[in-house]
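The block underneath contains the structure these notes are about, expressed in structure tokens.
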Amino acid sequence: MSGASELASRYSAELSRSGAALPDALVTALQAIADSAGAKSLELHGRAIANRAVDLAGRAPILGAAYLEAIPAVLAYISPGDLDTWAGQAGLIDQGTRRSAAHAARWLAETPALLGLVSLPVTTRLAAIAGRLAASANDAASTCIENAVPLLTGLGPLEREPFVVLAEALTRAAWPDAVLAFERTPDLVGIVGSADRSRLLELAAAVVTRPGDFARFSAAVEGLASIAPERHSELLDLALRLAEANAPAAVSFLVSAPRLTAMLSSEQFVHWYDVGVRLLDDERHAESIDTYFRLESSLAADTLTLLSPRVELPQLGEMLRLYAQALTGRPVQVRSARVLAERGIGWAKGDSATTEGTAVYLPPFIERFDTRDANTRAYKVCVTHQAGRIEFGSFDYRHGVDGAHLTSTVALRAASIGIDPSAGGLAPVPEMHRYYELFEDRALVAALFSLVEDARIDARVDLEYPGVRRARRDVHDHEVRRRPDILGLGLRDVFAENLLRASLGRADAVRWPAPLAATMARGLALLRIVTRAGATVQDSAEVTARLHDLAAGIANVNAKTLVTTWVAIDDADVDAALEAPEPLPIDIATVRTLGSSTFQVPYAAPPAPDFRGSSSRSSCRRSRRSPRPPRGRRAAISS
62 MSGASELASR
72 YSAELSRSGA
82 ALPDALVTAL
92 QAIADSAGAK
102 SLELHGRAIA
112 NRAVDLAGRA
122 PILGAAYLEA
132 IPAVLAYISP
142 GDLDTWAGQA
152 GLIDQGTRRS
162 AAHAARWLAE
172 TPALLGLVSL
182 PVTTRLAAIA
192 GRLAASANDA
202 ASTCIENAVP
212 LLTGLGPLER
222 EPFVVLAEAL
232 TRAAWPDAVL
242 AFERTPDLVG
252 IVGSADRSRL
262 LELAAAVVTR
272 PGDFARFSAA
282 VEGLASIAPE
292 RHSELLDLAL
302 RLAEANAPAA
312 VSFLVSAPRL
322 TAMLSSEQFV
332 HWYDVGVRLL
342 DDERHAESID
352 TYFRLESSLA
362 ADTLTLLSPR
372 VELPQLGEML
382 RLYAQALTGR
392 PVQVRSARVL
402 AERGIGWAKG
412 DSATTEGTAV
422 YLPPFIERFD
432 TRDANTRAYK
442 VCVTHQAGRI
452 EFGSFDYRHG
462 VDGAHLTSTV
472 ALRAASIGID
482 PSAGGLAPVP
492 EMHRYYELFE
502 DRALVAALFS
512 LVEDARIDAR
522 VDLEYPGVRR
532 ARRDVHDHEV
542 RRRPDILGLG
552 LRDVFAENLL
562 RASLGRADAV
572 RWPAPLAATM
582 ARGLALLRIV
592 TRAGATVQDS
602 AEVTARLHDL
612 AAGIANVNAK
622 TLVTTWVAID
632 DADVDAALEA
642 PEPLPIDIAT
652 VRTLGSSTFQ
662 VPYAAPPAPD
672 FRGSSSRSSC
682 RRSRRSPRPP
692 RGRRAAISS
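The structure is reproduced here in structure tokens:
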């Protein structure tokens, strides 16, 4: 008989009373000790291990069985002398009930896997956490035990012990928060980079002092996902510093961080933070610190206003409404463009201006310039352009009516494709829709009409409201600097992009293949027609139709493949272009002579500048308002 069997036989009778399989399990456990540490170790520790087995089995057979079954695996991580310490973890969890005994047995079965991740002292601390949870709610203890191994596996080696510190803090503050921590921590730490995760957990342990704190902290950390990762380390440093003096304020700081970082540079951000921290030095302001970092105090708002160049629509909304009303002479609502985006209105983007004829929709904020004054002026440019659409007749298109400078070709175009311009349908069709139906490529004609009409409005705004001219130029120049690289576009796209740049008053930014200059010169000349005094939306429609004819004849090959010189278009050539013969289409044969690939890319309309936005579907309807009588300078222009 082996030493293990001989020792186990002395406890066989006692163990058999708790379970018939326990004596054999003891033999297996003792033999594992002899195999791993030798006979001397078995002699030294065997009796204590056997006595612990009897004790645990007496408390609950399931405990004795779990203890003995786990010993061979546990010995891969700890020495036989530490087995008693390990077994004591069961006592931290077992509350003397059948359910808690089951939790303790599950814990003993899980510890080999845990010991592969953390040290024995750390598993003891985890067992104490599970025990405190078991005393509060069995389901909470179950969550802790079931999630411990996968949670720690998902954390890095340097993050595991900080998590245990956090879990200990949570069980003292509010056990439901500890349950949340076991469920949500892997997702939270995944928001920040690996170098910041242990400090994130350290911060969490420092700020969870009351029930509900962990849920609020979790929401704050989720907000970090919207912040550039390279700023996370800075934010955690500042939050940890604040947590030493005021834990709630540290969480409020993280909650506010997405808005602050969107509005402030790193230097400005730290300055704003330091203003709040200085409140710590004055006991009179102790209660206002959290309010400051929640952005709910006047000091926080005033400091933010002084530091940030960003302006927000709620701050200026009433002033802009009165301004739009003064421009148009009629009640005009001013709303955030996000209202349209949230409603799923098809033409609207949440960050650019637009109008549908009764309200002006503006970006929720503007921060494109370095000063608040410049950004405020940019808002006025947005309002002026959108109000100009209302004031100067963008919504007054009438099908087939001549413009001030061009005769309508609608009837000829309709006849050429077999449409009777006098025929009515079963239901009224918006007049602008009837216009679009004359063209095969509606995306092309719609994009061209938008930029042509915007050019007309800008010309009228320049004439009627000279006070906004300088600010408008600043906004236009900013927009041109953001335009896409033309060599990444198709040649037809380049044509439209060049027209848009010219419509922003920046014909100097136009570039076009030198051998094909006549086409671009004619396009720019046509665009100039709508900038003449008295031009109407009817002129915009006719210019658009002629530009469409030019653009449709351009093979949309990738501009990069053209082997040619790209040049600006001479102003004298533009002046002469309308009197010159119509340029030939730029077809595949033509671009092949320039070495281009004959593969054509789909047409993509140039992105509209933010201050102009996109035309609404309502621009396809004729306004039912009576035209305003001319007055002042307008009377002189119209006459």
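Numbered according to this note's numbering, the sequence shown spans residues 62 to 700. Yeah, the Cβ is synthetic: ideal placement off N, Cα and C, and Gly gets one too. Since the model is a prediction, treat every value here as computed from it, not as a measurement.
Fill in: Sub-8 Å separation of Ala586 and Leu509 beta-carbons
For Ala586 and Leu509, no; Cβs fall outside 8 Å.
Worksheet item: How big is the Cα-Cα spacing for Thr158 and Ala174?
Response: Cα to Cα, Thr158 sits roughly 25 Å from Ala174.
Fill in: Under the three-state DSSP convention, the category Tyr72 falls into
Of the three classes helix, strand and coil, the one that applies to Tyr72 here is coil, per DSSP.
Practice prompt. Quick one: using the 10 Å Cβ neighbour count with 16 as the cut-off for buried, is Leu487 buried or exposed?
Written response: Since pLDDT at Leu487 reaches only 42, below the 50 mark, its modelled position is unreliable, and the value read off the structure follows with that caveat. Classification for Leu487: exposed.
Item to complete: May I ask you to verify whether the segment 630-649 touches the segment 535-542, counting CB pairs closer than 8 Å and requiring at least 3?
Response: Verdict: no, contact absent.
Discussion item. Using CA atoms only, rank isn't needed, just tell me which of Thr605, Ala532, Val115, Ala311 is closest to Val269.
Written reply: Of the residues Thr605, Ala532, Val115, Ala311, the one whose Cα lies closest to the Cα of Val269 is Ala311.
Worksheet item: Going by the beta-carbon positions, is the gap between Ala420 and Val462 smaller than 8 Å?
Response: No, Cβ-Cβ distance for Ala420 and Val462 is not below 8 Å.
Worksheet entry | For Arg450 and Glu492, believed in contact at Cβ under 8 Å, the rounded distance | Contact flag wrong, Cβ pair sits at about 16 Å.
Discussion item. Let's test the definition: count the other Cβ atoms within 10 Å of the Cβ of Ile74 and tell me whether it reaches 16, buried, or not, exposed.
Written reply: Correcting the residue type first, residue 74 is Ala in the shown sequence and not Ile. With fewer than 16 Cβ atoms within 10 Å of its Cβ, Ala74 is classed as exposed.
Worksheet item: What do you get for Ala409, buried or exposed, if any count of 16 or more other CB atoms within 10 angstroms of its CB means buried?
Response: Here the model assigns Ala409 a pLDDT of 49, short of 50, so the residue's position is not dependable and the matter cannot be decided.
Worksheet item: Considering only residues of the same chain and omitting the five flanking positions on each side of Ile478, which have a CB-CB separation below 8 Å?
Response: Within the same chain, Ile478 has close Cβ partners Leu499.
Discussion item. For Glu244, which residues in the same chain have their Cβ closer than 8 Å to its Cβ, ignoring the five residues on either side in sequence?
Written reply: If you ignore the 5 residues before and after Glu244, its C-beta comes within less than 8 Å of the C-beta of Thr204, Asn208, all in its own chain and listed in chain order.
Worksheet item: Taking C-alpha atoms, which residue in Arg517, Ala620, Ser287 lies nearest to Ser549?
Response: Position check: residue 549 holds Gly in this sequence, whereas Ser was assumed. It is Ala620.
Fill in: Own chain residues within Cβ distance below 6 Å of Leu92, not counting five before or after
Leu is not the amino acid found at residue 92; the sequence shown has Gln there. Its chain contains Ala65 as the residues whose beta carbon lies nearer than 6 Å to that of Gln92, once the 5 sequence neighbours on both sides are disregarded; these appear in chain order.
Worksheet item: What residue does the beta strand (DSSP E) around Ala189 start on, and which one ends it?
Response: For Ala189, no beta strand (DSSP E) encloses it; the enclosing alpha helix (DSSP H) starts and ends at 181-197.
Item to complete: Consult DSSP for Leu423 and reduce its assignment to one of helix, strand or coil.
Response: Reduced to three states, the DSSP call for Leu423 is strand.
Worksheet item: What number of angstroms, rounded off, separates the C-alpha of Leu136 from the C-alpha of Lys101?
Response: Between the alpha carbons of Leu136 and Lys101 lies a gap of roughly 16 Å.
Worksheet item: Looking only at its own chain, which residues have a Cβ that is under 6 Å from the Cβ of Arg160, when we skip the five neighbours before and after it?
Response: Within the same chain, and ignoring the five residues on either side of Arg160 in sequence, the residues whose Cβ sits closer than 6 Å to its Cβ are Asn199.
Worksheet item: What span of residues does the beta strand (DSSP E) with Gln394 cover, start to end?
Response: For Gln394, the enclosing beta strand (DSSP E) begins and ends at 394-397.
Discussion item. Helix, strand or coil, according to DSSP, for Thr214 in the structure here?
Written reply: Correct three-state label for Thr214: helix.
Fill in: Start-end ranges of the alpha helix (DSSP H) lying completely within the segment 457-514, minimum 4 residues
Under the rule that a run must span 4 or more residues, the alpha helix (DSSP H) segments found entirely inside the segment 457-514 read 471-477, 492-497.
Discussion item. Beta-carbon within less than 7 Å of Leu655's beta-carbon, same chain only, minus the 5 sequence neighbours each way: which residues are those?
Written reply: Answer for Leu655: Pro574, Pro576, Leu623, Val624, Thr625, listed in chain order.
Item to complete: Check whether the Cβ atoms of Leu212 and Pro182 lie closer than 8 Å to each other.
Response: With respect to Pro182, Leu212 sits apart: the two C-beta atoms are not nearer than 8 Å.
Worksheet item: In the structure shown, what three-state DSSP assignment does Glu220 receive?
Response: The answer is helix: DSSP assigns Glu220 an H, G or I state.
Discussion item. Could you check whether Ile647 and Ala669 sit closer than 8 Å to each other, using their CB atoms as the reference points?
Written reply: Not closer than 8 Å, so no.
Worksheet item: Does the separation of the CB atoms of Val571 and Ala520 fall below 8 Å?
Response: In terms of Cβ geometry, Val571 and Ala520 do not form a close pair [threshold 8 Å].
Item to complete: Under the assumption that Ser77 contacts Gly119 (Cβ atoms under 8 Å), give the Cβ distance between them as a whole number of angstroms.
Response: Approximately 12 Å separates the beta-carbon atoms of Ser77 and Gly119; this is outside 8 Å, ruling out the contact.
Discussion item. Just list the residues that DSSP pairs Ile630 with in beta bridges.
Written reply: Answer by DSSP bridge pairing: none, since Ile630 is not bridged.
Item to complete: Would you give the residue range spanned by the alpha helix (DSSP H) that Pro309 belongs to?
Response: Taken as a continuous stretch (DSSP letters only), the alpha helix (DSSP H) holding Pro309 covers 308-324.
Worksheet entry | 7 Å Cβ shell around Val115 - same chain, five flanking residues per side excluded | Apart from sequence neighbours up to five positions away, the residues of its chain that approach Val115 with a beta-carbon distance below 7 Å are Tyr72, Glu75, Leu76, ordered along the chain.
Item to complete: Give the secondary structure of Ile615 by DSSP, where H, G and I count as helix, E and B as strand, and everything else as coil.
Response: If DSSP states are grouped into helix, strand and coil, Ile615 belongs with the strands.
Item to complete: Out of Val253, Phe278, Ala256, state which residue places its alpha-carbon closest to the alpha-carbon of Ala242.
Response: Among Val253, Phe278, Ala256, the Cα nearest to that of Ala242 belongs to Phe278.
Worksheet item: If you compare alpha carbons, which of Ala582, Thr592, Leu552 is closest to Gly566?
Response: The shortest Cα separation from Gly566 among Ala582, Thr592, Leu552 belongs to Thr592.
Worksheet item: If you drop the 5 nearest sequence neighbours on each side, which residues of the same chain put their C-beta closer than 6 Å to that of Ala228?
Response: Within the same chain, Ala228 has close Cβ partners Ile190, Ala239, Ala242.
Worksheet item: Between which two residues does the alpha helix (DSSP H) containing Arg562 stretch?
Response: Looking at the DSSP string, the run of the alpha helix (DSSP H) that includes Arg562 is 552-564.
Item to complete: Below 7 Å CB to CB, which residues in the same chain sit around Thr651 once its five sequence neighbours on both sides are set aside?
Response: Nothing meets the Cβ criterion.
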